[in-house]
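When the sequence shown is numbered by the numbering used here, its final residue is 350 and no position is left out of the sequence of numbers.
Note that the Cβ used here is the ideal one computed from N, Cα and C, for glycine as well.
These numbers were taken from a predicted model, which means no experiment stands behind them.
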Amino acid sequence: MKDVWKVYFNGSFGGKSPDGSHPGQVLKLNQKFRFAGRDWYVPAAYLTAKGLVLDILMRADKAALEDFCKKWEHLEDEDVPNDVFEQAERENPLAFEFSPQIELNGQTLPFSQGHGLSYHPLFQNAAACEPALDEDEIDFDTPTERAIIDHYGLNPEDGWAIHRYSFPWKTKRRPKSISSLALTLTPQPVRVPGAEFEVQKPGDIFTFSHNGIPYTLTAQNLEPQTLPKNAFSDARFDFPNRFTAMTYTVSPAPPKNLISVEDCTQNDPPVEREAPKDYPFMPEAQNAAVVCIIGGADGPTALFVTAKSEDKAVLTTCSALHFAPPEKITWRIVFHETPFAPETFPLL
Numbered sequence: 003m004k005d006v007w008k009v010y011f012n013g014s015f016g017g018k019s020p021d022g023s024h025p026g027q028v029l030k031l032n033q034k035f036r037f038a039g040r041d042w043y044v045p046a047a048y049l050t051a052k053g054l055v056l057d058i059l060m061r062a063d064k065a066a067l068e069d070f071c072k073k074w075e076h077l078e079d080e081d082v083p084n085d086v087f088e089q090a091e092r093e094n095p096l097a098f099e100f101s102p103q104i105e106l107n108g109q110t111l112p113f114s115q116g117h118g119l120s121y122h123p124l125f126q127n128a129a130a131c132e133p134a135l136d137e138d139e140i141d142f143d144t145p146t147e148r149a150i151i152d153h154y155g156l157n158p159e160d161g162w163a164i165h166r167y168s169f170p171w172k173t174k175r176r177p178k179s180i181s182s183l184a185l186t187l188t189p190q191p192v193r194v195p196g197a198e199f200e201v202q203k204p205g206d207i208f209t210f211s212h213n214g215i216p217y218t219l220t221a222q223n224l225e226p227q228t229l230p231k232n233a234f235s236d237a238r239f240d241f242p243n244r245f246t247a248m249t250y251t252v253s254p255a256p257p258k259n260l261i262s263v264e265d266c267t268q269n270d271p272p273v274e275r276e277a278p279k280d281y282p283f284m285p286e287a288q289n290a291a292v293v294c295i296i297g298g299a300d301g302p303t304a305l306f307v308t309a310k311s312e313d314k315a316v317l318t319t320c321s322a323l324h325f326a327p328p329e330k331i332t333w334r335i336v337f338h339e340t341p342f343a344p345e346t347f348p349l350l
């Protein structure tokens, strides 16, 4: 079977140009390095008219993947809280969030777009542990994970997180030559759940610590609010619209973006309205994820908060959405930690 391999600046892994542009010229690199306790491999770059495309692969040991799937195989069979899913994500050997940039001929080039795939030696989806495709089903005209592994000559017994990033040229045209090329990887913060607490009124405090530093959270205001009727556009369901907005301060002031506060509970699921007689086959709401506009363990965004403060020291969070206000709200401290420092690796 012929190995068709074309890489485009605005393409992903499909092997076809989305805008009619020409494929990039391959620049073999074959660079291996250790970063954040993991093995990385940069096999090649691709030089296009618009910029440089770089494939960045992270290896995961097969035994570690097997242990991960064995430990978390129950996730699809049980109704587990979001913090359990987050723990599974943190432990996934194929999951590592980072931001890349390159130094090319002394110029810093940030990426403009990125795409990712994961190859699991036993399962196509490491988190869900779903069976992989048979080798006969691989389409080399549209490279799959296994086709990429084969193209680069990687060990198919290992797992691989496959990333492809595009870096636009700083100049109007492609450089005539490349004298130096380096890659900097910056890890993204990881959510780490902390202690749970309750506050009933303004002035209530909660003390906690992080890395040996004690902090005090003080509630400034707790304001029950109601989302407007037009907050949700799907007329097939009734959605919860009651929540509490809390403003608070943390002393001493923590590093920027280190700490956030969220509701421990999830949003109430939407309720399906009675189907009209002429349309009896309305879809069924399966979970609370469809109402995760604000608040709760689904991920607070606070789009409708009116209790904001001009004081930058005063922070705001929102509870989960409910049809009726709960008797109490249990909040959770969340730390956004970056356990590894950025590192730069020469590629040429």
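With a 10 Å radius around its C-beta and 16 neighbouring C-beta atoms as the bar for buried, classify residue i as buried or exposed.
i: D21; result: exposed
i: Q202; result: exposed
i: N213; result: exposed
i: I215; result: exposed
i: A62; result: buried
i: E117; result: Sequence check: residue 117 is His here, not Glu. Its Cβ having fewer than 16 others within 10 Å, H117 is exposed.
i: I331; result: buried
i: G298; result: Confidence at G298 is low in this model, with a pLDDT of 45, below 50, so its placement is unreliable and the value that follows should be read with caution. The residue is buried, with at least 16 neighbouring Cβ atoms inside 10 Å.
i: E200; result: exposed
i: I207; result: exposed
i: G108; result: exposed
i: S179; result: exposed
i: A47; result: buried
i: S211; result: exposed
i: E147; result: buried
i: A322; result: buried
i: N94; result: buried
Give me the Cβ distance between residue i and residue j, rounded to the nearest whole Å; I'm assuming they're in contact under 8 Å.
i: V44; j: L349; result: 6 Å
i: F169; j: F113; result: 5 Å
i: I164; j: Y121; result: 6 Å
i: P123; j: L185; result: At roughly 26 Å, the Cβ-Cβ gap does not stay under 8 Å, so P123 and L185 are not in contact.
i: I104; j: L96; result: Their Cβ separation, rounded to whole angstroms, is 23 Å, which puts I104 and L96 out of contact at 8 Å.
i: L67; j: L49; result: The Cβ separation is near 34 Å, so there is no contact.
i: T319; j: E264; result: 6 Å
i: G53; j: F100; result: Not confirmed; about 19 Å, so no contact.
i: L106; j: L183; result: 5 Å
i: F362; j: F35; result: The first residue shown for the chain is 3 and the last is 350, placing residue 362 beyond what the model contains.
How long is the line joining the alpha carbons of residue i and residue j, rounded to whole angstroms?
i: S181; j: W171; result: 15 Å
i: G16; j: R40; result: 27 Å
i: P195; j: R275; result: 36 Å
i: A290; j: F241; result: The predicted model places A290 with a pLDDT of 37, which falls under 50 and marks its position as unreliable; any figure quoted below should be read in that light. Looking at the two C-alpha atoms, the distance is approximately 10 Å.
i: V192; j: E339; result: 5 Å
i: D69; j: V86; result: 17 Å
i: P254; j: I261; result: 12 Å
i: C266; j: W333; result: 5 Å
i: A343; j: T188; result: 7 Å
i: E149; j: E198; result: Rather than Glu, the amino acid found at residue 149 in this sequence is Ala. So the alpha carbons of these two residues sit roughly 46 Å apart.
i: F325; j: Q268; result: 12 Å
i: E345; j: P256; result: 25 Å
i: P272; j: L31; result: 52 Å
i: E88; j: K231; result: 32 Å
i: L119; j: P158; result: 15 Å
i: N223; j: Y250; result: 7 Å
i: R238; j: N84; result: 26 Å
i: L59; j: K314; result: 40 Å
i: P341; j: E91; result: 15 Å
i: M248; j: E329; result: 16 Å
i: K18; j: I151; result: 19 Å
i: D236; j: Q27; result: 48 Å
i: C71; j: L77; result: 10 Å
i: W74; j: D81; result: 13 Å
i: A221; j: F337; result: 18 Å
i: T173; j: P25; result: 19 Å
i: P177; j: S23; result: 18 Å
Nearest CA to the CA of residue i: which residue from the options?
i: I335; options: F113, L317 and Q33; result: L317
i: A51; options: V82, K72, E78 and V9; result: V9
i: V252; options: R238, N269 and G205; result: G205
i: Y167; options: G13, P271 and K18; result: G13
i: F98; options: S23, G53, P25 and W42; result: W42
i: L156; options: S179, P328 and Q33; result: Q33
i: Q115; options: W7, L106, P83 and D57; result: D57
i: D270; options: L77, T173 and P327; result: P327
i: Y154; options: G26, F234 and W7; result: W7
i: G161; options: S235, A65, M248 and L219; result: A65
i: N259; options: Q190, T220, A233 and M248; result: Q190
So with Cβ pairs under 9 Å, would you call residue i a contact of chain C?
i: V252; result: Looking for chain C here will not work: only one protein chain is present.
Run the proximity test for residue i: is its beta-carbon closer than 8 Å to any non-hydrogen atom belonging to the ligand SAH?
i: R193; result: Annotation note on the ligand SAH: not contained in the displayed structure, which lists no ligands.
Three-pair Cβ contact test at 8 Å for the region 243–250 versus the region 223–231: Contact between the region 243–250 and the region 223–231 is present, because at least three Cβ pairs lie under 8 Å.
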